[in-house]
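Heads up: the sequence shown at position 106 corresponds to 106 in the working numbering, and the numbers run straight through without jumps.
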Amino acid sequence: QVQLVESGGGLVQPGGSLRRACATGGSSGSGKDMGWYRQAPGKEREVVALITSGGRTNYADSVKGRFAISRDNAKNTVYLQMNDLKPEDTAVYYCAARYTSSVAYGYWGQGTQVTVSS
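Written out as structure tokens, the structure is:
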């Protein structure tokens, strides 16, 4: 069983920064691909950033150059550093995980609201 526990998030002004963390409680983070998704009101959930078990990253075009995903396998934690935040980044952000042998991300964190507003 993979449990994902998120922390960070909240309210920030445009241009500000936030750092999200997601700990894989109950199991090692190694051997799993990890990612961050978000869902804004009235919109479908979309991928924000992904990181493979080997550290390869991929980003949505809308966050390239502003967000950075990283992982610390020793701490079983994945991070999302969000810089130069914009109002359109406002959404509920979810951490997700999958075993490298899986196609779909089947494990999800509880989700945390990130609001970018002045």
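Quick reminder that beta carbons are idealized off the backbone N, C-alpha and C, glycines included.
Exercise. Put Glu46 into one of helix, strand or coil per three-state DSSP.
Key: The residue given as residue 46 occupies position 46 in the sequence shown. Glu46: strand per DSSP, three-state reduction.
Practice problem: Within the same chain, show all residues whose beta-carbon is closer than 6 Å to that of Thr90, passing over the 5 residues directly before and after it, in chain order. | Solution: Locating residue 90 in the sequence shown gives position 90, where the first residue counts as 1. These residues qualify, in order along the chain: Thr115, Val116.
Quiz prompt | Glu6 classed as buried or exposed, judged by whether at least 16 other C-beta atoms fall within 10 angstroms | solution = As a working mapping, residue 6 is identified with position 6 in the sequence shown. It counts as buried.
Quiz item: Which word fits Lys75, buried or exposed, when buried means at least 16 other C-beta atoms lie within 10 angstroms of its C-beta?
Solution: Residue mapping note: residue 75 aligns to position 75 of the sequence shown, counting from 1. Lys75 is exposed by the Cβ-count criterion.
Self-check item: Counted within 10 angstroms of its Cβ, other Cβ atoms place Thr100 as buried (16 or more) or exposed
Solution: On the sequence shown, position 100 is the one that residue 100 refers to. Flag for Thr100 reads exposed.
Quiz item: For Val103, is the classification buried or exposed, using 16 other Cβ atoms within 10 angstroms of its Cβ as the cut-off for buried?
Solution: The residue labelled residue 103 in the question sits at position 103 within the sequence shown. Exposed, by the Cβ-count rule.
Self-check item: Between the CA atoms of Ala21 and Val78 - distance to the nearest angstrom
Solution: Within the sequence shown, residue 78 is the residue found at index 78, counting from 1. Within the sequence shown, residue 21 is the residue found at index 21, counting from 1. So the alpha carbons of these two residues sit roughly 6 Å apart.
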